[in-house]
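Residue numbers (this note's numbering): 8 to 346. Positions of the beta carbon are idealized from the N, C-alpha and C atoms, including for glycine. For reference, the structure discussed in these notes is given below.
Right under this line is the structure:
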């Protein structure tokens, strides 16, 4: 139930009033004025996690007879992911969905989630982030003044470009690729011999259409939603990096909620996150088929030759993350293969 988007200044001015409402900690099911919470994320309406959080908000309102209301602010209307995280840490925003490596500048260990070619597929990634590594993640968020609630989905990243089909690592060499300001993605393409350039996401379509860069990487759902296929002739499902998407809360807000309200939010968030994960997996093939019909050449490279070239990227990331954390995390990854 997305509400009218307001300015960030007005949001911050309203923070005190929101905190007071949150402090009521009312029990669900009682028909009286209740809790109004604000949730921010950067996704657009076609992404499964956008749709899932809308379902979550509706389910929470229904279960609490309207006592708990989640007002959703999508499309980065409250700022970039790091901006929204900072607001949550300060108590000015109640809930935020984001990818933890977005805040690697404040905690370098966040990079473990995006180590290239560590996951065998979606199910493996879900078993790690929702199972073997869950206690580690909860401590990570606690250390960074956030409360973990549920995992949603962003997706495995694919490589698009306007020059040539990509079937082998050699096809990537020399391509001019846009990368976000995230160490893992730059390190991956540096290892494959690409020429990388950091460009803001809101400038990416223009950079692709004007030839400033040849290509970029994002999950299939992001490529489709932003119509990158209009200016990219080739998409390769390289699945080089899995990008997570997690719902966290402001500890100040969370502590003010009653245990009953916490339970309802957590239960519905986990349900919605599971729905988003399945919808993302199901939707990728449909989106690839639609882009193929639009004239985009789709290739599905064998990941093994790409993974074999990742040692330089792993070295860079191991140094950034720290060997002890790297080894601990890789234990979680391996354990999930037999979980």
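Residue closest to residue i, alpha-carbon to alpha-carbon, out of the options
| i | options | result |
| --- | --- | --- |
| residue 165 | 56, 79 and 291 | 291 |
| residue 241 | 306, 217 and 256 | 306 |
| residue 345 | 103, 72 and 139 | 139 |
| residue 254 | 114, 153 and 71 | 153 |
| residue 66 | 53, 262, 268 and 96 | 268 |
| residue 214 | 237, 185, 198 and 299 | 185 |
| residue 120 | 297, 135, 258 and 128 | 135 |
| residue 313 | 278, 200 and 323 | 200 |
| residue 133 | 299, 288 and 232 | 288 |
| residue 74 | 265, 281 and 323 | 265 |
| residue 156 | 308, 108, 279 and 327 | 279 |
| residue 251 | 236, 284, 89 and 326 | 284 |
| residue 323 | 95, 110, 90 and 195 | 195 |
Cα-Cα separation, residue i to residue j
| i | j | result |
| --- | --- | --- |
| residue 317 | residue 116 | 19 Å |
| residue 85 | residue 256 | 15 Å |
| residue 125 | residue 248 | 8 Å |
| residue 286 | residue 301 | 22 Å |
| residue 87 | residue 105 | 10 Å |
| residue 11 | residue 45 | Note on residue 11: pLDDT 34, under 50, position unreliable in the model; no value is reported. |
| residue 9 | residue 49 | Note that residue 9 scores a pLDDT of 42, beneath 50, so its modelled location is shaky and nothing firm can be said. |
| residue 32 | residue 145 | Summary for residue 32: the model assigns pLDDT 42, below 50, so the residue's position carries little reliability, and this model does not support an answer. |
| residue 52 | residue 294 | 15 Å |
| residue 341 | residue 147 | 20 Å |
| residue 330 | residue 141 | 20 Å |
| residue 243 | residue 336 | 28 Å |
| residue 26 | residue 226 | Low per-residue confidence applies at residue 26: pLDDT is 38, beneath 50, and the placement is therefore not dependable, though the value from the model is reported in the following sentence. Those two C-alpha atoms are separated by around 35 Å. |
| residue 58 | residue 273 | 17 Å |
| residue 128 | residue 159 | 16 Å |
| residue 29 | residue 80 | Per-residue confidence for residue 29 stands at a pLDDT of 40, beneath the threshold of 50, marking its modelled position as unreliable; the derived number appears in the next sentence. Roughly 18 Å between the two C-alpha positions. |
| residue 98 | residue 149 | 14 Å |
Cβ-Cβ separation, residue j to residue i (assumed contact under 8 Å), whole Å
| i | j | result |
| --- | --- | --- |
| residue 162 | residue 72 | Between residue 72 and residue 162 the Cβ distance is about 35 Å, and since that is not below 8 Å, they are no contact. |
| residue 320 | residue 197 | 7 Å |
| residue 218 | residue 239 | That belief does not hold up - the Cβ atoms of residue 218 and residue 239 are roughly 12 Å apart, past 8 Å. |
| residue 47 | residue 100 | 6 Å |
Residue span of the beta strand (DSSP E) that contains residue i, given as start and end
| i | result |
| --- | --- |
| residue 195 | Segment 190-198 is the alpha helix (DSSP H) holding residue 195; no beta strand (DSSP E) there. |
| residue 102 | 102-105 |
| residue 347 | This structure gives no information on residue 347, because the portion of the chain shown stretches from 8 to 346. |
| residue 253 | 253-256 |
Endpoints, the alpha helix (DSSP H) within which residue i is located
| i | result |
| --- | --- |
| residue 312 | 310-314 |
| residue 147 | 141-150 |
| residue 171 | Careful: residue 171 lies outside any alpha helix (DSSP H) and carries neither H nor E. |
| residue 281 | 266-300 |
| residue 95 | 88-97 |
Checklist entry - Taking contact to mean at least 3 C-beta pairs separated by less than 8 Å, is the segment 166-177 in contact with the segment 185-195? => result Short answer: they don't touch.
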